[in-house]
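Asks: Got a structure for you, written out below as structure tokens; questions coming shortly.
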Amino acid sequence: MDTLDNMRAFLATVRTGSFSEAGRQLGVSPSVITKRVGQLEWKMRGQLFNRSTRSVTLTDLGEQFLPRIAGLVADFDDTLGEMTKTRGGLLGRIRIKIPTTLGAPYLARVLTEFQQAHPQVLLDVVMLDRSVNPVEEGFDIVVGALPELYANVDDEWLAPYPRVVCAAPSYLEARGHPAHPRELTDHDCLVFTPSGALWQFENANGTVQVEVRSRFTSNSSRVLRTSAIAGNGITVLSAGMAAPALARGQLRTVLDGYRLPELALKALLPRTRGALPRVRALVDWLKRGLAENGDWSDEESL
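Numbered according to the numbering used here, the sequence shown spans residues 82 to 383.
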């Protein structure tokens, strides 16, 4: 069991980037985490972390063994769970990351309904608006629309992810309606941090890329929507996030003659976890739930 505890200490340190925070998560002192990681390094005959006064980062050896150690710990937990499994039901823990754009209220309802249908499954739902490597951060499923690829991680299509360019009527009346994407350089733009300030558009004549002026940046689409409604500038939102404000006249679409590149909402699955029955069942449940409500309206959060 010492080796298993040492591996858990290693994984917690990877997730948090800190021996102190890993200790808080596991309910032990930082010195215990340091000792356990040191014991694991001794067994593996190599250093797993680069240590400094400000950070703890993986070495090449740590990067190499991270997927295998994560898989071993997950397999142990799954085996232990199977030993106490009730007949005919799904059992175990699923740690899932979802974007805040869908976290409340719609996807929260979908996840709640899944747990009601499978009461022996424990859900740990984390809301983040950034790219996440599920292997490094200990997730079974990462839901997102950013075009990221990671080693030892498979991605599975869930649903299309339409987006719109929009602004408040007050802003457009004061600053005018851009007729071409290049005119955005003369406007204040509200930028989603993970996507950056290089906006791309398409029409029958081809592709146009514009480096917009970032008046306001955030890693939360909900924050950008609030700022846009207040007349702070032009932003890009998911169609579901923008729909209630568009219906109420709080926002208007702009550049309707140009399309944003198509994105897809997808599930990132560690290869050691994707075939687990409970994980597979939740991915299929998400597909059905998203298909039933194509705009993922965020009405309740306005």
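In this text, a Cβ means the ideal position worked out from N, Cα and C, and glycines have one as well.
Helix, strand or coil: how does DSSP classify Ser-382 here?
Replies: With a pLDDT of only 45 at Ser-382, under 50, the local geometry of the prediction cannot be trusted, and no value is derived from it.
Asks: Please state if the CB of Val-360 and the CB of Ala-348 are separated by a distance shorter than 7 Å.
Replies: no
Asks: In angstroms with no decimal places, state the Cα-to-Cα distance between Cys-270 and Phe-297.
Replies: 7 Å
Asks: Near Val-171, which residues of its chain fall below 7 Å by C-beta distance, leaving aside the five closest residues on each side in sequence?
Replies: Going by the sequence as given, residue 171 is Leu instead of Val. His-199, Gln-201, Val-202, Pro-358, Arg-359 and Ala-362, listed in sequence order.
Asks: Which of helix, strand or coil does DSSP assign to Val-213?
Replies: In the structure shown, Val-213 falls within a coil segment according to DSSP collapsed to helix, strand and coil.
Asks: Evaluate Phe-91 with the Cβ neighbour count: other Cβ atoms within 10 Å of its Cβ, from every protein chain shown; 16 or more gives buried, anything less gives exposed.
Replies: buried
Asks: State the CB to CB distance for the pair Met-208 and Ile-175, rounded to an integer number of angstroms; the pair is presumed to be in contact (CB under 8 Å).
Replies: For Met-208 against Ile-175, the beta-carbon gap comes to about 15 Å, at or over 8 Å, which does not count as contact.
Asks: What's the C-alpha gap between Gly-127 and Met-88?
Replies: 14 Å
Asks: Using only alpha-carbon positions, find the residue among Pro-243, Phe-146, Phe-282 and Asn-284 that is nearest to Leu-121.
Replies: When each option's Cα is compared against that of Leu-121, the closest is Phe-146.
Asks: Quickly, what does DSSP pair Val-317 with across the bridge? List them, please.
Replies: Val-246.
Asks: Does the Cβ-Cβ distance between Ile-177 and Val-206 come in under 7 Å?
Replies: yes
Asks: Anyone know if the C-beta pair for Val-216 and Ala-155 falls short of 7 Å?
Replies: no
Asks: Restricting to Cα atoms, I'd like to know which of Thr-94, Lys-124 and Glu-343 is closest to Ser-112.
Replies: Taking only the C-alpha atoms, the option nearest Ser-112 is Thr-94.
Asks: Span of the alpha helix (DSSP H) holding Val-335?
Replies: Segment: none, Val-335 is in no alpha helix (DSSP H) and carries neither H nor E.
Asks: Just confirm the distance between the C-beta atoms of Pro-262 and Val-291, as a whole number of angstroms; I'd bet it's less than 8 Å.
Replies: 5 Å
Asks: Identify every residue that forms a DSSP beta bridge with Pro-241.
Replies: Ala-345
Asks: Considering Leu-112, what are the terminal residues of the alpha helix (DSSP H) in which it resides?
Replies: The identity of residue 112 in the sequence shown is Ser, whereas the question assumes Leu. Note, Ser-112: alpha helix (DSSP H), 111-125.
Asks: Could you compute how far the alpha carbon of Asp-210 sits from the alpha carbon of Leu-153?
Replies: 29 Å
Asks: Assuming Phe-282 and Leu-336 form a contact by the criterion Cβ under 8 Å, report the distance between their Cβ atoms to the nearest whole angstrom.
Replies: 7 Å
Asks: Could you spell out the range, first to last residue, of the beta strand (DSSP E) harbouring Asp-365?
Replies: Careful: Asp-365 lies outside any beta strand (DSSP E), inside the alpha helix (DSSP H) at 358-373.
Asks: In chain order, which beta strand (DSSP E) runs of at least 3 residues are fully inside the region 133-159?
Replies: Given a length threshold of 3 residues, each whole run of the beta strand (DSSP E) inside the region 133-159 is given here in chain order: 137-139.
Asks: Just to confirm the assignment, what range does the beta strand (DSSP E) spanning Phe-282 have?
Replies: Element bounds for Phe-282: 279-284.
Asks: Taking 7 Å as the limit between beta carbons, can you name the residues of its chain near Ala-320, skipping five residues before and five after?
Replies: Correct list, in chain order: Pro-243, Arg-244, Val-245 and Asp-376.
Asks: Whose C-beta lies closer than 6 Å to the C-beta of Tyr-252 among residues of the same chain, with five residues either side of it excluded?
Replies: Gly-312
Asks: In the DSSP assignment, find the beta strand (DSSP E) that holds Leu-271 and state where it starts and stops.
Replies: 270-273
Asks: So, Ala-240 versus Leu-346, is the Cβ gap smaller than 7 Å?
Replies: yes
Asks: Within 10 angstroms of its Cβ, does Gln-197 collect 16 or more other Cβ (buried), or is it exposed?
Replies: exposed
Asks: Can you name, in chain order, every residue of its own chain whose Cβ lies under 6 Å from the Cβ of Leu-367, other than the five neighbours on each side?
Replies: Leu-239
Asks: Considering just the uninterrupted stretch of the beta strand (DSSP E) at Ser-295, what are its terminal residues?
Replies: DSSP places Ser-295 inside the beta strand (DSSP E), whose first and last residues are 295-299.
Asks: Pull up the distance between the alpha-carbon of Asp-86 and that of Pro-351, whole angstroms please.
Replies: If you draw a straight line from the Cα of Asp-86 to the Cα of Pro-351, it comes to about 21 Å.
Asks: Give every residue of the same chain whose Cβ lies closer than 7 Å to the Cβ of Thr-165, excluding the five residues on either side of it in the sequence, and list them in chain order.
Replies: Any reading at Thr-165 needs caution, since the residue's pLDDT is 48, under 50, leaving its predicted position unreliable; the model's value is listed next. For Thr-165, where only same-chain residues beyond five positions count, there are no Cβ hits under 7 Å.
Asks: What are the boundary residues of the alpha helix (DSSP H) that Gln-128 is part of?
Replies: No alpha helix (DSSP H) contains Gln-128, which DSSP labels as neither H nor E.
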